[in-house]
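To keep things clear, I will list the structure first and then write my remarks on it.
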Amino acid sequence: MKILVYSMNFMPELAGIGKYSGEMAEWLHARGHEVRVIASPPFFPQWSVFEGHSARAWRTSNWNGIRIFRCPTWIPARPRALGRIAHLLSFTLSSIPVLLAQVRWKPDVVFVVEPPVSCAPAALCFSKLLGIRSWLHIQDYEVDAAFDLGWLRGERVRRFAQVAERWLMRRFDRVSSISSTMCARAREKGVDEQRLVMFPNWVDIQAIQPVVRPHMGEAVPTQGYRAELNIPAKAVVVLYAGSLGSKQGIELLAEAAGLLVCSHDIHFVFCGNGPSRASLMDACAGLPNAHFLDLQPAERLSELLGMADIHVLPQRADAADLVMPSKLGGMFASGRSVIVTAHAATALGEAVQGRGVVVEPGDAAALADAIEQLSMSPSTRELLGAAGRRFAEAELDRNVILQRLEEELQRCIAR
């Protein structure tokens, strides 16, 4: 197969959507398929173009045998509502000439990753022009999220955007998303069941392994990340590792850390970068139980996740069914207990049931109480962590999920 991946965020070296796009392309290439990628220069989560890349020029490179076309993209210093829209549209417009240039190559399928949905019209026109298949993969429902999170306002504007989105979605040969709840929303938007594919985020269960911890009462030297952050070996570490953005409701963790500041054996570690990092650091100023790390190299991911006794995953109530955080798979694979803030009936809440603790979003006191209760029960943490690891092994293995995708791609093309 010839597969054209149209994914603005293509950053294989980092976690998140860009990493999944990169691993998918690499895996398909290793299976003997021809893969090309149209993407922006890497910029996330710092919202500045990485060294060695350009925001103003078209550049072509080869990565592990995959040809990547990087298109000029405006990167706002502060990603607010209008800036985000201009940012997405700048990539959409600059990528159209590159997309059209693939006419001579003639792929079998164009695989569009949303966000941004603004690339969907050009991809559809391209596929109709060549008589090839089109596939829309939805990582986030960005139209719904933009209005629910207050980035965009106006009922008429919302109705127009939703009608346009539904019109586009119904015209792709395949539409996929990452959870059952998000697939159900696609059906609500008019996508036929026969064209709908469940394509969840995966995890490399070989690369992320549970870190063996000492038995209770066993004296061990402080080492690794705990030593680097001056955290006692016997302390309970509450870890958030991921992007620090507005959809996460990350400010709730600062409140919880403040409420637990007198619990000397509970330490919070925030690892990541993003627009909310500065405000989070300000909120934690003066808290001796709060520690910060920049984004860590991929080769230390297993060690980082294994440092935790409790993973926390805050999510705003108005975003819990619009996104499924990709970091959840790594948390499960690490064999550590998980606490999420979400309503129980949402996709996130359902994913964690039986493998962690679900707390109502926006309630810092309830979150602090859940953390404190888990901190006092090592046996409960161990049971929940083991359940999460078993789930990751059975349902989130990368090879199993990508083999299913390959089969669906072949069926889509052959139809």
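Numbering (numbering that gives the first Met the number 0), first residue to last: 0 to 414.
Beta carbons are placed, not taken as given, at the ideal position from N, Cα and C, and that holds for glycine.
When you compare the CB positions of Leu404 and Phe198, do they come within less than 9 Å of one another, or not? yes
Does the Cβ of Trp26 have 16 or more other Cβ atoms within 10 Å, making it buried, or fewer, making it exposed? buried
Can you check whether the CB of Leu312 is closer than 9 Å to the CB of Tyr239? yes
When Leu148, Leu129, Glu113 and Asp143 are compared against His136, the one with the closest alpha-carbon: Glu113
Taking only three categories from DSSP, how would you classify Phe198? In the three-state reduction of the DSSP assignment, Phe198 falls in the coil class, being assigned neither a helical nor a strand state.
Taking the C-alpha atoms as reference points, what is the distance between Val196 and Leu347? 19 Å
Give a yes or no on whether 9 Å exceeds the smallest Cβ distance from Val337 to chain C. Protein chain content of the structure displayed is limited to a single chain, and chain C is not contained in it.
With burial defined as no fewer than 16 other Cβ atoms inside 10 Å of the residue's Cβ, what is the status of Arg378: buried or exposed? First, the amino acid is wrong: residue 378 is Ser here, not Arg. Ser378 comes out exposed.
Near Tyr19, which residues of its chain fall below 7 Å by C-beta distance, leaving aside the five closest residues on each side in sequence? Asn200 and Ser325
With respect to the alpha helix (DSSP H) encompassing Trp433, which residues constitute its N-terminal and C-terminal limits? Any answer about residue 433 is impossible in this case: the structure gives the chain only from 0 up to 414.
Would you report the Cα separation of Asn63 and Val108, rounded to the nearest angstrom? Asn63 and Val108 have their C-alpha atoms some 21 Å from each other.
Pick out the complete beta strand (DSSP E) segments inside the region 71-117, 3 residues or longer, and give them in chain order. 108-113
So, is Asn398 buried or exposed, given that buried needs 16 or more other C-beta atoms within 10 angstroms? exposed
Would you mind stating whether Ser279 and Ala367 have Cβ atoms separated by less than 9 Å? It is worth fixing the name first, because residue 279 is Leu in this sequence and not Ser. Against a cut-off of 9 Å, the Cβ pair of Ala367 and Leu279 comes out as no contact.
For the putative contact between Pro40 and Arg69, defined by C-beta atoms under 8 Å, what is the C-beta separation to the nearest angstrom? The pair is a contact, with the Cβ atoms about 5 Å apart (cut-off 8 Å).
Quick one: using the 10 Å Cβ neighbour count with 16 as the cut-off for buried, is Asp7 buried or exposed? Just to set this straight, residue 7 is Met in the shown sequence, not Asp. Buried.
Residue from Leu243, Glu254 and Cys261 with nearest C-alpha to Gly271: Per the Cα distances, Leu243.
Please name the residue, chosen from Val142, Trp104 and Leu151, that lies closest to Leu129 on a Cα-to-Cα basis. Trp104
Going by DSSP, what residue range makes up the beta strand (DSSP E) through Cys270? Ile265 to Cys270
Can you tell me the Cα-Cα spacing of Met375 and Ala234, whole angstroms? Going from the Cα of Met375 to the Cα of Ala234 covers about 11 Å.
Between Leu98 and His32, what straight-line distance do the alpha-carbon atoms span, to the nearest angstrom? 19 Å
Residue environment, Ser176, which counts as buried when at least 16 other CB atoms sit within 10 Å: Answer is buried; the Cβ neighbour count reaches 16.
Limits of the unbroken beta strand (DSSP E) element including Ser176: Segment Arg173 to Ser176, the beta strand (DSSP E) holding Ser176.
Please go through the same chain and pick out, in chain order, the residues whose beta-carbon is closer than 8 Å to the beta-carbon of Ala185, but skip the five residues on each side of it. Ile137, Met168, Val174, Ser176 and Leu195
Using three-state DSSP, classify Asp396 as helix, strand or coil. strand
Could you tell me the alpha carbon to alpha carbon distance between Val36 and Ile65, rounded to whole angstroms? Straight through space, the alpha carbons of Ile65 and Val36 are spaced by roughly 7 Å.
Kindly indicate which residue of Ser178, Lys188, Cys182 and Trp150 has the alpha-carbon position closest to the one of Glu164. Lys188
Classify Phe43: buried if its beta carbon has 16 or more other beta carbons within 10 angstroms, exposed otherwise. Phe43 comes out buried.
Trp150 versus Pro360 - alpha carbon distance: 20 Å
Output yes or no for whether 9 Å exceeds the beta carbon distance between Ala54 and Ile74. yes
Three-state secondary structure (DSSP) at Glu50? Reduced to three states, the DSSP call for Glu50 is coil.
Where Gln402 falls, given that 16 or more other Cβ within 10 Å makes a residue buried: By the neighbour-count rule (16 or more Cβ atoms within 10 Å), Gln402 is not buried but exposed.
Write down the C-beta distance between Val202 and Ala29 rounded to the nearest angstrom, noting that I regard them as a contact closer than 8 Å. At roughly 18 Å, the Cβ-Cβ gap does not stay under 8 Å, so Val202 and Ala29 are not in contact.
Let me know the secondary structure DSSP gives Gln352 once reduced to three states. strand
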